[in-house]
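J.:
Residue numbers (the numbering used here): 25 to 305.
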């Protein structure tokens, strides 16, 4: 800490900090440990409410400590320690005390319980990771749903084409029925005419009977074909209805997936914001 405009010397500042060390945490209403050191050892140290660093006056400074780094670089230094050392995660801050000749004569060390910060940071990172994983799953689902939707539309188009062909086939069957009916009528008239002319028309009568039989067979076949086509049409209509229902369901789920995806993106934004905020604590 450099001398300010009040002309208080670095030594006087250091002595003042030593005096207020036992009360500074209570004065600031902050759960923190506070220590003043010279260049080699702790002069005084006060633990916080939840902090017990097991440091006593006279204990040597560790070369890797924040205070040692601050004195070495003549700059503020900070180090975050996990719970393995003190039982809880701790942030150690070091401030160099620099005299009027720009020489380091000591340091101020501050230790803060960052258990809440660590929990918040870890939760934010976990939330961000989980959001990303769920987002990937939703994106995959959306791709599959979109593909199903496209395939359903193709099936619907094919079903429409088949329906058109069914209509055309029914028109052809109607023509066959009409021809069969007309042929039967012709055969009947021919049989009547053959009977009228007697033995001369006997051969013609046989042909007339065969024409009538053929007409009957044609009519029976057309009726059977019509029945089969109607059954196929009903089956196709059932499939079409199922495809339509599936397509509607896919579209509905796709919209829901888009909504979920937008919410997940919002979660990711919140997670990133929490990480930013926790880094400033």
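Backbone N, C-alpha and C define an ideal beta-carbon position, used for all residues, glycine too.
Here the structure is a predicted model, which is why all the values come from computation and not from measurement.
Output the distance between the C-alpha atoms of residue 265 and residue 162, rounded to the nearest integer angstrom.
T.: In a straight line, the C-alpha of residue 265 is about 27 Å away from that of residue 162.
J.: Considering only DSSP beta bridges, list what residue 132 is partnered with.
T.: Residue 132 is bridged to 60, 119.
J.: Excluding sequence positions up to five away, which residues of its chain have a Cβ less than 7 Å from the Cβ of residue 94?
T.: Within the same chain, residue 94 has close Cβ partners 100, 101, 118, 119, 120, 131.
J.: With a cut-off of 8 Å, does the C-beta of residue 113 fall near any C-beta of chain C?
T.: Among the protein chains of the structure shown there is no chain C, as only one such chain exists.
J.: Assuming residue 58 and residue 134 are in contact, meaning their beta carbons sit under 8 Å apart, how far apart are those beta carbons, in whole angstroms?
T.: Their Cβ separation, rounded to whole angstroms, is 6 Å, which keeps residue 58 and residue 134 in contact under 8 Å.
J.: Do you know offhand how far residue 206's Cα is from residue 200's?
T.: Answer to the nearest angstrom: the Cα atoms are 10 Å apart.
J.: Would residue 85 and residue 61 qualify as a contact pair, given that the criterion is a beta-carbon distance under 8 Å?
T.: For residue 85 and residue 61, yes; Cβs fall inside 8 Å.
J.: Quick one: is residue 146 buried, meaning 16 or more other Cβ sit within 10 Å of its Cβ, or exposed?
T.: Result: exposed.
J.: In chain order, what residues of the same chain lie with their CB nearer than 8 Å to the CB of residue 253, ignoring the 5 residues before and after it?
T.: Closer than 8 Å at the Cβ level, and outside the excluded window around residue 253, lie 190, 193, 194, 197.
J.: According to DSSP, what are the bridge partners of residue 66?
T.: In DSSP, residue 66 forms a bridge with 61.
J.: With DSSP as the reference, label residue 151 as helix, strand or coil.
T.: In this structure, residue 151 counts as helix in the three-state DSSP scheme.
J.: Just to confirm before moving on: does the CB-CB distance between residue 75 and residue 56 stay below 8 Å?
T.: Yes, the pair counts as a contact, with Cβ atoms nearer than the cut-off.
J.: Any idea if residue 171 is buried or exposed, counting beta-carbon neighbours within 10 angstroms, 16 or more meaning buried?
T.: Exposed is the call here.
J.: Decide if residue 137 is buried, meaning its Cβ has at least 16 other Cβ atoms within 10 Å, or exposed.
T.: Burial call: buried.
J.: From the DSSP output, which residues share a beta bridge with residue 105?
T.: Bridge partners of residue 105: 114.
J.: Enumerate in chain order the residues of its own chain whose CB-to-CB distance from residue 83 is below 7 Å, with the five nearest sequence positions on each side excluded.
T.: Same-chain partners within the cutoff: 65, 66.
J.: To the nearest angstrom, how far is the alpha carbon of residue 156 from that of residue 125?
T.: Between residue 156 and residue 125, the C-alpha separation is close to 54 Å.
J.: Comparing alpha-carbon positions, which option in 267, 241, 160, 203 lies nearest residue 288?
T.: For residue 288, the nearest C-alpha among the options comes from 160.
J.: For the candidate residues 92, 128, 165, 158, whose alpha-carbon lies nearest to that of residue 116?
T.: Comparing Cα positions, the closest option is 92.
J.: Kindly indicate the opening and closing residues of the alpha helix (DSSP H) around residue 44.
T.: Residues 34 to 52.
J.: Can you tell me the Cα-Cα spacing of residue 41 and residue 34, whole angstroms?
T.: Straight-line Cα distance between these residues: approximately 10 Å.
J.: Rounded to the nearest angstrom, what separates residue 32 and residue 90 at their Cα positions?
T.: Computed Cα separation, rounded: 25 Å.
J.: Take residue 28 and list the residues in its own chain whose beta-carbon comes closer than 6 Å to its own, dropping the five residues that flank it on each side.
T.: Here the model assigns residue 28 a pLDDT of 45, short of 50, so the residue's position is not dependable and the matter cannot be decided.
J.: Taking a contact to mean a Cβ-Cβ separation below 8 Å, would you say residue 260 touches residue 183 in this structure?
T.: Cβ atoms of residue 260 and residue 183: closer than 8 Å.
J.: Exposed or buried, which one is residue 37 when buried takes at least 16 other CB atoms within 10 Å?
T.: It counts as buried.
J.: For the putative contact between residue 112 and residue 139, defined by C-beta atoms under 8 Å, what is the C-beta separation to the nearest angstrom?
T.: Yes, they are in contact, since the Cβ atoms of residue 112 and residue 139 sit about 5 Å apart, within 8 Å.
J.: With H, G and I counted as helix, E and B as strand and the rest as coil, what does DSSP make of residue 163?
T.: In the structure shown, residue 163 sits in a helix (DSSP, three-state: H, G or I).
J.: Name the DSSP beta bridge partners of residue 84, please?
T.: Paired residue(s): 65.
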